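The listed protein sequences derive, respectively, from chains A and B. For the first sequence, this note's numbering gives the first residue as 162, with consecutive numbering after it. For the second sequence, this note's numbering gives the first residue as 2, with consecutive numbering after it. Worksheet: the structure to be examined is printed underneath.
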Amino acid sequence: VSSPAFATGTRRAAAAALVAASALAASAAGLVRELRAWSPRPQSDVAALDAQVSALVAALPAGAREVGWWSPAHDEARFQGAQYGLAPRLLRRDGVGAAVLADADGAAAEAYGGQRGLRIAASAGRFHLLIPGTP
Amino acid sequence: VRALLGAALAVALPAAPSFLLLRATVAPLRAEGRVPLALAAALALPLGLGATSLLAFGWVVLVGAPGSGYAVAEAALLAAAAWAAAAAGARAPAAPGGRAPWTRGDRALAAAIGVAACAAAAAFVLTSRRVPDGDWDAWAMWNLRARLIARADGPGAALAIPVAHAHLDYPLLLPLTVARLWAFAGAQAKAAPALAALAFTAAAVAIPSLAAALARGRRAGLLVAGVLLATHEVVSQGRAQYADVPLAALVAAAVALVAIAEERRAPAALVAAGLAAGCAAWTKNEGLLLAAALAAVLAARAAAGRLPARALAALAAGAAPALLAVAAFKVRSGAESYLTAGRTAGEVLALALDPSRAALILSSLAGELARFGHGVLALGAAVALLVGRGDAARRPAWPLALLGVALAGYVAVYLVTPHDLAWQLRTSLARLLLQLWPALALAVALRAPDLSEGRAPPPAA
Chain A
162 VSSPAFATGT RRAAAAALVA ASALAASAAG LVRELRAWSP RPQSDVAALD AQVSALVAAL
222 PAGAREVGWW SPAHDEARFQ GAQYGLAPRL LRRDGVGAAV LADADGAAAE AYGGQRGLRI
282 AASAGRFHLL IPGTP
Chain B
2 VRALLGAALA VALPAAPSFL LLRATVAPLR AEGRVPLALA AALALPLGLG ATSLLAFGWV
62 VLVGAPGSGY AVAEAALLAA AAWAAAAAGA RAPAAPGGRA PWTRGDRALA AAIGVAACAA
122 AAAFVLTSRR VPDGDWDAWA MWNLRARLIA RADGPGAALA IPVAHAHLDY PLLLPLTVAR
182 LWAFAGAQAK AAPALAALAF TAAAVAIPSL AAALARGRRA GLLVAGVLLA THEVVSQGRA
242 QYADVPLAAL VAAAVALVAI AEERRAPAAL VAAGLAAGCA AWTKNEGLLL AAALAAVLAA
302 RAAAGRLPAR ALAALAAGAA PALLAVAAFK VRSGAESYLT AGRTAGEVLA LALDPSRAAL
362 ILSSLAGELA RFGHGVLALG AAVALLVGRG DAARRPAWPL ALLGVALAGY VAVYLVTPHD
422 LAWQLRTSLA RLLLQLWPAL ALAVALRAPD LSEGRAPPPA A
């Protein structure tokens, strides 16, 4: 029992037990946390909002290069996801660039919009794109 | 389902020729059962994705957005590469060897690790379904860049982007990988970035674990896997669809391949190690630092006579394609790093010499090291103490030196960052530690004794 081989074996068995318990505990905790947070609807949906924005972009007047948008109806995650999801679509359409002018509280959206000569307005659940030079 | 299958094909297809090439390098010996083959497969995932991102980059520059035409061309090229690799692999030597028996302890530990891995994978999938667009930087940069690439009009269009908040100087391995998956999927399916994230996360755990198993026995590999699965950030950051876990997988791959080259006298592994290091540089700017650190550490070993000079040449040859892509991208995009844009040497020096900044960095680092993985560093240290150290002749210090140099580089960048230092530390330090963590777990395992019982001695040089 007091042999070096036994001591080595005991230490290694202890290491294995420690690691097995830690890995199981961490993985189980992660899974339980995720099961508790589970909801049938995704919390973000860039593609769906991107499609909405695409429809708006399709209605933009010719030559419009920058738009801003803001939707207080969405939580921050969806809001941010859509914000960044729309930019490439606008880039493709306009070739030059899109202004991404939004922030969770809307105040930054106003500020960014002001810097770029845009006006932004929003009401619950609706986008208002105010293009310079257009009504 | 069709889009998911297409995206899965885009992950599996480049892995096939990579696996066949790596099999000839990593697994010419049958002494360790299936471990070398599994390691070759794990390495093939990030290396295959990295190599094909270089092909996609060439397509973006010369043609434009990678679509169905790109998918067909790449599939044909990869099929030819797989055929050539299979032909080359068939000529590789295969030596017989004895396999280590499974002990009861091995079986119990493997069962626990298997259950933990299944739980981690389930959590990954559930979270990816709940938050399919990933976390903040995934929307803000990585998947944004992928959309820009997938929707680019004409050659090079995706590289000239006026969306300044997207860190335009960050390299493109991850966005190009997502754009590739979309090309094979035939649609910009939201499953594609999640699938890429899953592949890189699995590789970040599997590569160091299997490399440790190959070098120090099955038990060592299981311990490394367990320590990584006990680190909650591996899954939480992996499913966030950020570039940190892909970078971690590539750094671990580079360390594993250099270790294989050294311990098994397999110089071809150094070319693959170079590819891994180059792909790390092609993933994030921190990867450039890590690639430079690897080159410096191995150059020091060569200067000390512990590594032949041709090893450095092999490493450079492997890294060259990705480094050339990084250089071409940086020149062509014209985007400047926030570290250098509009700054004078005097400003940078003043920040670097400010002792309060150094104190804040060190205190934040100490705090993050204690918090990381809910104390998983202490677990790793305890395990290292319990298993003991290997023979001095088989206890490489260079992987620890490499990671130490990289960490020092991170500290230097924090010192001179123009951003609010406390904010940058708060939002990035844990992810930077995660970039090094799988490689560190492997580095510590390489200093352990051989933990297999009754295993055949390592192959002769």
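Ideal Cβ positions, reconstructed from N, Cα and C, are used throughout, including at glycine. Since the model is a prediction, treat every value here as computed from it, not as a measurement.
- Among the CB atoms of chain B, none fall inside 8 Å of the CB of Ala166 (chain A).
- Counting of Cβ neighbours within 10 angstroms places Trp84 (chain B) among the exposed residues, the total staying below 16.
- Collapsing the DSSP output to three states places Ser164 (chain A) in coil.
- B:Ala121 is the residue among B:Ala121, B:Thr104 and B:Ala112 whose C-alpha sits nearest the C-alpha of Leu192 (chain A).
- Under the Cβ criterion (8 Å, minimum of three pairs), the region 317-335 of chain B counts as touching the region 266-284 of chain B.
- Of the candidates B:Ser19, B:Gly70 and B:Trp103, the residue whose Cα lies closest to the Cα of Leu46 (chain B) is B:Ser19.
- Distance from the CA of Ala195 (chain B) to the CA of Leu354 (chain B), rounded to the nearest whole angstrom, comes to 42 Å.
- Assignment of His233 (chain B) by DSSP, reduced to helix, strand and coil, places it in the helix class.
- The DSSP-derived three-state label of Pro176 (chain B) is helix.
- Residue state for Ala301 (chain B) is assigned as helix, using DSSP reduced to three classes.
- For Ser183 (chain A) and Ala297 (chain B), the gap between their C-alpha atoms comes out near 36 Å.
- Around Ala231 (chain B), the same chain offers Gly374, Val377 and Leu380 as residues with beta carbons nearer than 7 Å, after the five sequence neighbours per side are excluded.
- Taking a beta-carbon distance threshold of 8 Å, Arg172 (chain A) counts as an interface residue toward chain B.
- At a beta-carbon threshold of 8 Å, the residues of chain A lying near His233 (chain B) are Ala187, Ala190 and Gly191, ordered along the chain.
- In this structure, DSSP gives Ser200 (chain A) a state outside helix and strand, which the three-state scheme calls coil.
- Around Thr128 (chain B), the beta-carbon contacts reaching into chain A at under 7 Å are Glu195.
- One Cα belongs to Val332 (chain B), the other to Leu169 (chain B), and the distance between them is close to 12 Å.
- With contacts defined as CB atoms closer than 8 Å, Gly405 (chain B) and Ala174 (chain A) fail to qualify as a contacting pair.
- Residue state for Tyr415 (chain B) is assigned as helix, using DSSP reduced to three classes.
- Listed along the chain, the chain A residues whose CB falls inside 9 Å of the CB of Arg181 (chain B) amount to none; the nearest CB is some 16 Å away.
- In terms of CA proximity to Gly288 (chain B), B:Ala253 leads the group B:Ala253, B:Arg266 and B:Val2.
- For Asp170 (chain B), there is no enclosing alpha helix (DSSP H), as DSSP marks it with neither H nor E.
- Residues of chain A whose Cβ lies closer than 9 Å to the Cβ of Arg105 (chain B) do not exist, since the nearest Cβ in that chain is about 10 Å away.
- Take the alpha-carbon of Asn144 (chain B) and the one of Ala212 (chain B): they are about 31 Å apart.
- Ala168 (chain A) and Arg217 (chain B) have their C-alpha atoms spaced approximately 19 Å apart.
- Apart from sequence neighbours up to five positions away, the residues of its chain that approach Thr418 (chain B) with a beta-carbon distance below 6 Å are Gln425, ordered along the chain.
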